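Here the structure is laid out as structure tokens; the discussion comes afterwards.
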Amino acid sequence: MTQSNNDILIIGAGVAGLYTALKLAPRPVTVVTARPLGKGGATPWAQGGLAAAVGPNDTPNLHFSDTMQAGAGLVDPEAAHLLALGGPAAVEDLLRMGVKFDTDEDGNLKLGREAAHCRDRIVHATGDQAGAAIMKALIDAARRAEHITILERIVVEDLLTDDNGVVSGALVYDVDAGEREAYEFGETVLATGGLGGLYAVTTNPTPAQGHGLAFAARAGAIIRDPEFVQFHPTALNIGADPAPLATEALRGDGARLVNADGTPFMERYHSGGDLAPRDIVARAVETEIKAGRGAFLDAREAIGATFPDAFPTVFAACQSAKIDPRTDLMPVAPAAHYHMGGVETDLDGRANVEGLWAVGEVASTGVHGANRLASNSLLEAIVFGARIADQLRDAEIDAPDGAGAPGDRMELPSKPAPAADMAKLRAAMSEHCALIRNGEGLADLLDIVHEMQESPDLTSGLKSALVTAELIAQGALAREESRGGHFRSDFPETDSEPYHTEIAATHVYDDEEEDS
Ligand code: SIN
């Protein structure tokens, strides 16, 4: 068995990267992160919590059914089974690692309700701070773990591949040394998170620009269903970038979506009312805003005086805009929140390219389909991170052989995307590829992206952001139907046979074409 320090590289240090690294023990693993550990990623911002069938009247089967139902025909049943079955063990493991989930006066876990769950099954920590609590426990454990080497302020610019196309590490920029370097590793795990930062209005940290998808696509990985971007219906519409999230748990606790005059509106759209599937609520909120009636969350009666303790993060965001949710309505709007497509993996997190694995938001394991069930994402990172670790912990890993990065990347400056270019791209994505798309707008978006690819200001960061934007636009153009998070005004119907969009390099095809 090989046990050298350059066996396994994990790119990204959110819940997906750190949990995978911890579960690899005692195998040595190196984790790289572009910013100081715990800063800059999306996990600490997760308000909702973690979905797990741990309630007295709940079962993994019910969680499985809700996950299947939400995904609009595209959830892989095997993946969803693994996810739902893994929920109770994930909660146990996190409790063992010191995460203090909220409990009631009898010491039982307090369970919240979110959209499209048939049971109360979301575990929370300090009200709306589950992500931060989980990250703190994982960071503490990772810093103590002897098998983990953490390298901070290392910006990955691309994957390295050898002459046979095997992924063999990463081309990185060491911010403190001011140098580009090749990190050669036998196996590489992408845990780079999401891409909300490609949109003008997002709940994600703005550096979340989907670079990991671009790296994987350039290395030849199949990108599945990139068009499925989930918009959260209730970001606080207070002009902040990123837009602060007003967690769905508020509606789980009885808050209502209302117009400016206080009239609830969700019953007009869906029998599930305020807790209808997320894509339906998001489009309803957008419709009400566009019709001039306004969209607000009303938590005055349902949550009232308990708001500051129950939802401290949302309360602080409201206060920053001089809104008191105990007495005022909260203005809300949809915002890009989560990417449901990603690097296609098998049930063990393996991509189609040798040497490459993917976990967390950057991966498409099959559990989300066209519409992710709320609070399934932290669970996915944990369940599938553990599965990758099980595959690699005792594996024989060959030393990388002659790794190299494509020359065009070496010519670009090692810099993030210039602010003006990102502003242009984000505006174009929000105009043409957000909640409601059409063929004409998507073609315009692709023109803008192609024109920007010729920009004299092209940097390594801008190049990756543009590749990912192009993948999403290509997927959205190829999917001539409406399903889950993807709504085409020129193809409003849902096809009777669900299918996946798959993009390998620049070729778009679906599995019907593949089969024929
Ligand atoms: C929320 O708290 O509403 C977000 C939870 C999630 O996106 O899973």
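Residue 412 in my numbering sits at position 415 of the sequence shown, and the numbers go up by one each step.
Where a beta carbon is used, it is the ideal one built from N, C-alpha and C, also for glycine.
Note that the structure is predicted; figures quoted are calculated from it, not measured.
Between LEU210 and MET426, the C-beta gap is not smaller than 7 Å, which leaves the two residues out of contact.
Two segments are said to touch when three or more pairs of C-beta atoms, one from each, lie closer than 8 Å; by this definition the stretch 156 to 176 does not touch the stretch 298 to 313.
Taking a C-beta distance under 7 Å as the contact criterion, ALA13 and ALA188 qualify as a contact pair. Residue pairing by DSSP places PRO328 opposite PHE293 in a beta bridge. Assignment of beta-bridge partners to ARG253 by DSSP yields ASP295.
A direct Cα-to-Cα measurement between MET263 and VAL278 gives close to 7 Å.
Less than 7 Å divides the Cβ of SER361 from the Cβ of ARG221. Looking from the CA of MET94, the closest CA among HIS60, LYS133, GLY472 belongs to LYS133.
Checking the DSSP bridge columns, you'll see VAL153 partnered with VAL169. Assignment of TYR16 by DSSP, reduced to helix, strand and coil, places it in the helix class. Where ALA232 is concerned, the enclosing beta strand (DSSP E) starts and stops at 226 to 233. In this structure, the C-beta of GLY124 stays at least 6 Å away from each heavy atom of ligand 1. Straight through space, the alpha carbons of ASP295 and ASP325 are spaced by roughly 8 Å. No alpha helix (DSSP H) of 4 residues or more sits fully in the stretch 437 to 464. For LEU389, the uninterrupted alpha helix (DSSP H) run begins and ends at 374 to 389, by DSSP.
GLY84 and ALA218 have their C-alpha atoms some 29 Å from each other. Between ligand 1 and ALA292, a heavy atom-to-CB distance of less than 6 Å is absent. Set against 6 Å, the gap from the CB of THR244 to the closest heavy atom of ligand 1 is smaller. Counting only the Cα atoms, ARG118 lies some 31 Å from ASP238.
Using a cutoff of 6 Å, the CB of GLY45 counts as near ligand 1, since one of the ligand's heavy atoms is closer than that.
Between the stretch 378 to 393 and the stretch 14 to 27 there are three or more C-beta pairs closer than 8 Å, enough to call the two in contact. Set against 6 Å, the gap from the CB of ALA378 to the closest heavy atom of ligand 1 is not smaller.
For VAL96, the three-state secondary structure derived from DSSP is coil. In this structure, ALA371 has its beta carbon less than 6 Å from a heavy atom of ligand 1. Burial check for GLU490: the Cβ neighbour count within 10 Å stays below 16, so the residue is exposed. For ILE277, the three-state secondary structure derived from DSSP is helix. Within the same chain, and ignoring the five residues on either side of ALA130 in sequence, the residues whose Cβ sits closer than 7 Å to its Cβ are VAL96, LYS97, ALA122, THR123. The three-state secondary structure of SER479, taken from DSSP, is coil. Taken through DSSP and simplified to helix, strand or coil, VAL72 comes out as coil.
Around ASP441, the same chain offers HIS429 as residues with beta carbons nearer than 7 Å, after the five sequence neighbours per side are excluded.
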